[in-house]
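**Student:**
Protein chains: 2
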Amino acid sequence: MSKSLDYENLNENVKKCQYAVRGELYLRASELQKEGKKIIFTNVGNPHALGQKPLTFPRQVVALCQAPFLLDDPNVGLLFPADAIAKAKHYISLTSGGLGAYSDSRGLPGVRKEVAEFIERRDGYPSDPELIFLTDGASKGVMQILQSIIRGAHDGILVPVPQYPLYSATISLLGGSLVPYFLEETANWGLDIGSLRQSVAQARSQGITVRAMVIINPGNPTGQCLSEANLKEILNFCYQNNVVLLGDEVYQQNIYQDERPFISARKVLMDMGPPISKAVELVSFHTVSKGYWGECGQRGGYFEMTNISPKTVEEIYKISSISLSPNVPAQIFMGLMVNPPKPGDISYDQFHRESKGILESLRKRAHIMTDGFNSCRNVVCNFTEGAMYSFPQIRLPPKAIEAAKSVGKVPDVFYCLKLLEATGISTVPGSGFGQKEGVFHLRTTILPAEEDMPAIMDSFKKFNDEFMEQYEDYRGYSRM
Amino acid sequence: MSKSLDYENLNENVKKCQYAVRGELYLRASELQKEGKKIIFTNVGNPHALGQKPLTFPRQVVALCQAPFLLDDPNVGLLFPADAIAKAKHYISLTSGGLGAYSDSRGLPGVRKEVAEFIERRDGYPSDPELIFLTDGASKGVMQILQSIIRGAHDGILVPVPQYPLYSATISLLGGSLVPYFLEETANWGLDIGSLRQSVAQARSQGITVRAMVIINPGNPTGQCLSEANLKEILNFCYQNNVVLLGDEVYQQNIYQDERPFISARKVLMDMGPPISKAVELVSFHTVSKGYWGECGQRGGYFEMTNISPKTVEEIYKISSISLSPNVPAQIFMGLMVNPPKPGDISYDQFHRESKGILESLRKRAHIMTDGFNSCRNVVCNFTEGAMYSFPQIRLPPKAIEAAKSVGKVPDVFYCLKLLEATGISTVPGSGFGQKEGVFHLRTTILPAEEDMPAIMDSFKKFNDEFMEQYEDYRGYSRM
Chain A
1 MSKSLDYENL NENVKKCQYA VRGELYLRAS ELQKEGKKII FTNVGNPHAL GQKPLTFPRQ
61 VVALCQAPFL LDDPNVGLLF PADAIAKAKH YISLTSGGLG AYSDSRGLPG VRKEVAEFIE
121 RRDGYPSDPE LIFLTDGASK GVMQILQSII RGAHDGILVP VPQYPLYSAT ISLLGGSLVP
181 YFLEETANWG LDIGSLRQSV AQARSQGITV RAMVIINPGN PTGQCLSEAN LKEILNFCYQ
241 NNVVLLGDEV YQQNIYQDER PFISARKVLM DMGPPISKAV ELVSFHTVSK GYWGECGQRG
301 GYFEMTNISP KTVEEIYKIS SISLSPNVPA QIFMGLMVNP PKPGDISYDQ FHRESKGILE
361 SLRKRAHIMT DGFNSCRNVV CNFTEGAMYS FPQIRLPPKA IEAAKSVGKV PDVFYCLKLL
421 EATGISTVPG SGFGQKEGVF HLRTTILPAE EDMPAIMDSF KKFNDEFMEQ YEDYRGYSRM
Chain B
481 MSKSLDYENL NENVKKCQYA VRGELYLRAS ELQKEGKKII FTNVGNPHAL GQKPLTFPRQ
541 VVALCQAPFL LDDPNVGLLF PADAIAKAKH YISLTSGGLG AYSDSRGLPG VRKEVAEFIE
601 RRDGYPSDPE LIFLTDGASK GVMQILQSII RGAHDGILVP VPQYPLYSAT ISLLGGSLVP
661 YFLEETANWG LDIGSLRQSV AQARSQGITV RAMVIINPGN PTGQCLSEAN LKEILNFCYQ
721 NNVVLLGDEV YQQNIYQDER PFISARKVLM DMGPPISKAV ELVSFHTVSK GYWGECGQRG
781 GYFEMTNISP KTVEEIYKIS SISLSPNVPA QIFMGLMVNP PKPGDISYDQ FHRESKGILE
841 SLRKRAHIMT DGFNSCRNVV CNFTEGAMYS FPQIRLPPKA IEAAKSVGKV PDVFYCLKLL
901 EATGISTVPG SGFGQKEGVF HLRTTILPAE EDMPAIMDSF KKFNDEFMEQ YEDYRGYSRM
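These protein sequence lines map, in sequence, to chains A and B.
Every letter in the first sequence is one number past the one before it in this note's numbering, and letter 23, counting from 1, is 23.
Remember, this note's numbering sits 480 above the position in the second sequence when you count from 1.
(1) Compute the distance between the beta-carbons of Arg365(A) and Ile425(A), then report whether it is under 9 angstroms.
(2) Does DSSP put Tyr91(A) in a helix, a strand or coil?
(3) Sort Ser355(A), Thr42(A), Phe57(A) by Cα distance to Leu486(A) and report the nearest one.
(4) Spatial neighbours of Asp672(B) within its chain, please: CB distance less than 7 angstroms, with the 5 preceding and 5 following residues excluded, ordered by chain position.
(5) Please classify Ala867(B): does DSSP put it in a helix, a strand, or coil?
(6) Under 8 angstroms Cβ to Cβ from Lys3(A), same chain only, skipping five residues before and after it: list those, please.
(7) Quickly, what does DSSP pair Glu784(B) with across the bridge? List them, please.
(8) Terminal residues of the continuous beta strand (DSSP E) containing Val724(B)?
(9) Please return the same chain residues whose Cβ sits closer than 6 angstroms to the Cβ of Val62(A), not counting the five positions on each side in sequence.
(10) In whole angstroms, what separates the C-alpha of Val283(A) from that of Val313(A)?
(11) For Ala618(B) and Gly771(B), which I take to be in contact (beta-carbon distance under 8 angstroms), what is that distance rounded to the nearest angstrom?
(12) Got a sec: which bits of the stretch 560-584 of chain B sit with their beta carbon under 9 angstroms from any beta carbon on chain A, in order along the chain?
(13) Compare the C-beta of Ile630(B) with all C-beta atoms of chain A and state if any pair is closer than 9 angstroms.
(14) Tell me whether Arg482(A) sits in a helix, a strand or coil according to DSSP, three-state version.
(15) Counting only Cβ pairs nearer than 7 angstroms, list the residues of chain A close to Ser801(B).
(16) Let's test the definition: count the other Cβ atoms within 10 Å of the Cβ of Gly77(A) and tell me whether it reaches 16, buried, or not, exposed.
(17) Of all the CB atoms in chain A, is at least one closer than 9 angstroms to the CB of Asn445(B)?
(18) So, are the CB atoms of Phe831(B) and Tyr895(B) less than 9 angstroms apart?
(19) Check whether the stretch 336-345 of chain A touches the stretch 22-42 of chain A, counting contact only when three or more Cβ pairs, one atom from each stretch, lie closer than 8 angstroms.
(20) Skipping 5 residues on each side, what residues in its chain have a beta carbon closer than 8 angstroms to that of Gly655(B)?
(21) With 16 as the cutoff for other CB atoms within 10 Å, does Ala681(B) come out buried or exposed?
(22) Taking only beta-carbon positions, decide if Ser835(B) is within less than 9 angstroms of chain A.
(23) Rank Glu901(B), Arg875(B), Cys856(B) by C-alpha distance to the C-alpha of Asp945(B) and give the top, closest one.
(24) Below 8 angstroms on the Cβ atoms is my guess for Lys267(A) versus Gly124(A); work out the distance and round it to an integer in Å.
(25) Assuming Lys16(A) contacts Glu795(B) under a Cβ cut-off of 8 angstroms, what Cβ separation, rounded to an integer in Å, is found between them?
(26) With H, G and I counted as helix, E and B as strand and the rest as coil, what does DSSP make of Met481(B)?
(27) Touching or not, the stretch 728-741 of chain B and the stretch 850-869 of chain B, by the rule of three or more beta carbon pairs under 8 angstroms?
(28) In angstroms with no decimal places, state the Cα-to-Cα distance between Leu231(A) and Gly219(A).
(29) Can you tell me the Cα-Cα spacing of Phe383(A) and Val243(A), whole angstroms?
(30) Taking 9 angstroms as the CB-CB cut-off, is Thr536(B) touching chain A?
(31) Going by DSSP in three states, Phe662(B) sits in which element: helix, strand or coil?
(32) Go ahead and pull the three-state DSSP assignment for Gly335(A).
(33) Would you kindly work out how many angstroms separate the C-alpha atoms of Trp189(A) and Ala400(A), rounded to a whole number?
(34) Counting along the chain, where does the beta strand (DSSP E) carrying Leu654(B) start and finish?
(35) Check whether the Cβ of Met480(A) lies closer than 9 angstroms to any Cβ atom in chain B.
(36) Mind checking Met814(B): buried by the 16 CB within 10 Å criterion, or exposed?
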């Protein structure tokens with residue numbers, strides 16, 4: 001007799017879920033690492049794991065919040081600057097018993113107020129702290145909102161393809177339907193509203209009601225920044241089709257060009273004025289894991305709700321309550337992120353130097369990587385305008401595709417596994433994010449240290465060009 | 481036209497969920513607090529919010545992990561003892577980039593090893609770190625396991641009544657069926673195997689397959705400790721009925737009597753020997769939020785799987801991956817909890833003094849509270865053998881029940897609201913946990929500071945006895 005938790009008796013939605021960022025490639029990389037091979041983990045946007053140093057000031061503040069007894073120590077000033085001490089006292093005063101006490105399930109009211117003030121400064125429109133919920137990272141917030149929306153397989157969620165697999169995995173887990181809309185690689189991963197309408201029409205013909213649309217801006221894995229005009233089209237589309245917009249804006253600080261700065265979906269919505277600005281339901285997500293912070297391990301994030309009915313907000317609050325509260329230390333990181341040191345503060349210069357250094361280096365790395373990929377045989381790559389990833393297209397020769405099939409692998413998985421074995425570079429195959437039929441990619445972060453980057457790109461190029469040499473038969477590439 | 485996220489369009493399972501610990505009473509208490517009333521929050525086991533001081537040593541270690549640059553500071557020894565510095569270096573070495581890097585989705589391998597060693601010391605049987613997953617608090621672990629089990633309304637989960645509403649809420653959310661089994665108040669909240677069999681038979685007659693059974697030991701809200709004999713009966717029952725046992729053992733350090741020490745379900749299972757010890761599927765949960773730690777706001781926990789098939793473990797790992805990793809600071813708290821300072825360590829004496837002080841005081845408070853309740857008119861209360869709660873039965877007079885009905889309130893909600901308005905004591909009505917028809921309770925934590933306890937109990941008694949005076953008509957009590 002099979003047991004309750006045997007594989008065949010598990011929730012089918014659990015089994016259906018795929019999460020490539022920590023999938024076959026990651027598991028193989030972990031094995032190789034155990035065997036002593038040096039692995040460059042570029043499968044996940046995890047900057048500190050690749051040597052990025054934490055920003056000093058926020059770490060000082062949170063350390064003091066963890067050890068509040070230090071605040072009374074006459075020697076505290078020897079290790080901590082006065083503004084970190086003052087900030088720690090401020091944040092402790094916002095808690096109801098320090099970092100060890102559960103906060104309200106939506107997060108500390110004082111931090112939510114700071115987030116609202118940040119949004120107002122950023123967008124030029126007031127924001128209501130009561131509509132901001134702090135979360136254990138942005139992913140948890142996305143999962144919670146999708147859970148409220150999805151009732152079954154007839155509920156569709158528009159997701160860009162290529163997409164970040166949090167979306168496909170969560171939609172599977174909740175038993176909903178992913179409705180893909182394709183980003184156009186030849187137009188620098190732009191979004192085409194025509195293709196969006198087509199996706200909705202096709203979903204409808206299958207009995208699926210499209211209830212929400214996900215945008216990732218800047219794009220993951222694709223790295224593009226959405227223009228204001230594009231955001232307006234999207235919001236108009238949401239208005240006409242009665243669709244909630246889920247704005248994944250976790251990379252809003254990660255911008256590597258000046259032509260298309262980050263602009264929030266909320267600002268564009270407000271700029272559009274009534275009736276649209278009062279109608280379109282929008283949930284925006286942010287995190288402490290990205291930007292120049294990269295505090296992934298702390299697990300902090302928020303979502304802000306716009307034009308969501310108060311009764312629904314209550315339901316979302318109720319569901320948040322079940323897990324009691326997001327972790328409190330990360331709430332303080334969030335407060336610090338939206339309210340960093342200001343000119344004139346003791347710690348301002350250091351904070352500014354550190355954060356500027358990280359962003360400038362990321363910008364350089366985005367260029368080194370894109371240029372490196374474009375110098376490789378059969379590889380083409382759009383420039384990383386924002387976010388933390390490069391998503392080159394790998395034009396696999398037919399013989400390579402055959403070789404992959406003969407060992408039962410998807411072609412890009414085959415390529416990425418060979419790359420891993422040869423170089424230790426751990427990437428994620430494009431098939432984990434979705435791509436057009438017959439087209440192959442890989443995703444890598446741009447996070448390896450700047451000084452290591454040339455060697456990594458050399459190692460990639462050597463592997464790739466030999467791979468192509470081996471499998472190319474001059475009868476043609478895989479189609480674009 | 482209604483919008484996508486309007487209340488009527490939400491996931492019905494979201495709407496069905498109830499979570500009384502942060503329900504009507506808590507919301508009203510929060511309002512009163514905003515209006516300036518002094519509220520004693522005993523609705524949730526949140527020790528630091530009621531003045532419990534954090535243990536010094538673990539906070540020193542985690543503060544240093546947050547601010548690793550201090551480890552190189554010549555003055556660090558002025559603020560931190562040498563063993564805290566050594567421990568911080570140890571835990572940083574277990575991460576792959578400090579607290580800011582995502583860990584493996586199961587948690588840091590080094591911490592999972594420490595948890596396994598703790599379980600082995602506690603139970604006398606080896607434990608495998610690969611079967612231990614760290615989580616953002618025990619609740620998140622429970623939710624994840626239930627998600628793997630529940631496929632639909634025909635899947636039943638046996639839950640004690642009264643229960644901790646995490647279980648009822650999560651089962652609702654996942655669309656499963658809660659199958660209640662009743663704890664016997666007159667037998668000090670003991671579990672009767674006969675009633676368990678009856679529950680299963682009744683569920684079967686309704687087409688429900690019972691797939692898992694929850695035990696909470698020590699009990700929440702009921703405070704009883706399960707005896708070894710009782711645990712054996714339960715495990716035999718699980719074996720015979722092919723049911724996974726979910727052992728919520730988060731209060732294992734909170735024991736206030738010597739007759740029935742905590743004994744883990746896993747130890748009893750192993751003691752029973754084959755075939756049972758090799759067959760019964762068991763998942764055990766633990767946390768840093770309870771015990772003498774009370775680090776609720778950090779959100780740290782683990783679950784350990786016994787006799788779960790490797791393929792299922794892989795699926796659970798995959799689902800964990802979607803939210804990338806539990807927060808890393810709380811993983812270190814977990815490491816410290818299972819591996820605290822030892823005799824001879826610099827910090828041992830202080831750590832021992834602090835933790836002993838907390839437990840001894842909780843033991844005293846358990847007595848003050850039980851005795852206090854039993855001195856009140858129409859109130860009877862079992863002694864809190866363990867956990868953090870007192871769950872007195874309030875024998876409401878018929879006139880009080882009528883008065884409640886006339887304002888549309890469940891009688892115990894009516895009582896608890898009046899108590900809140902009169903005294904500021906914020907409790908949770910028994911109806912939030914489940915109770916036998918016509919019997920009423922409330923749950924309060926035993927966490928208010930020892931020195932405040934007599935005044936709180938006086939205030940409760942004054943309110944209760946006046947309430948009873950007002951509503952009693954000498955025609956009899958509500959039935960027991």
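We put the beta carbon where it would ideally sit given N, CA and C, even for glycine.
**Tutor:** Taking the definition as stated:
(1) no
(2) helix
(3) Nothing in the structure corresponds to residue 486(A), since chain A is present only between 1 and 480.
(4) Glu664
(5) coil
(6) Excluding positions up to five away in sequence, the list reads Asn9.
(7) Residue pairing by DSSP places Glu784(B) opposite Ile612(B), Ser764(B) in a beta bridge.
(8) 724-728
(9) Pro329, Ile332
(10) 11 angstroms
(11) Incorrect: roughly 12 angstroms between the Cβ atoms, too far for contact.
(12) Phe560, Thr575, Ser576, Gly577, Gly578, Leu579, Gly580, Ala581, Tyr582, Ser583, Asp584
(13) yes
(14) Here chain A has residues from 1 to 480 only, and residue 482(A) is not among them.
(15) Tyr19, Arg22
(16) exposed
(17) Since the displayed chain B opens at 481 and closes at 960, residue 445(B) lies outside it and no answer follows.
(18) no
(19) no
(20) Asn493, Ile630, Gly632, Ala633
(21) exposed
(22) no
(23) Cys856(B)
(24) 7 angstroms
(25) Rounded, the Cβ-Cβ distance is 10 angstroms, inconsistent with contact.
(26) Per DSSP, reduced to three states, the secondary structure at Met481(B) is coil, with no helix or strand assignment.
(27) yes
(28) 13 angstroms
(29) 31 angstroms
(30) yes
(31) Phe662(B) falls in the strand class under three-state DSSP.
(32) helix
(33) Straight-line Cα distance between these residues: approximately 26 angstroms.
(34) Taken as a continuous stretch (DSSP letters only), Leu654(B) belongs to no beta strand (DSSP E), as it is neither H nor E.
(35) Note on Met480(A): pLDDT 41, under 50, position unreliable in the model; the coordinate value appears next. No - not a single Cβ of chain B is within 9 angstroms of the one on Met480(A).
(36) buried
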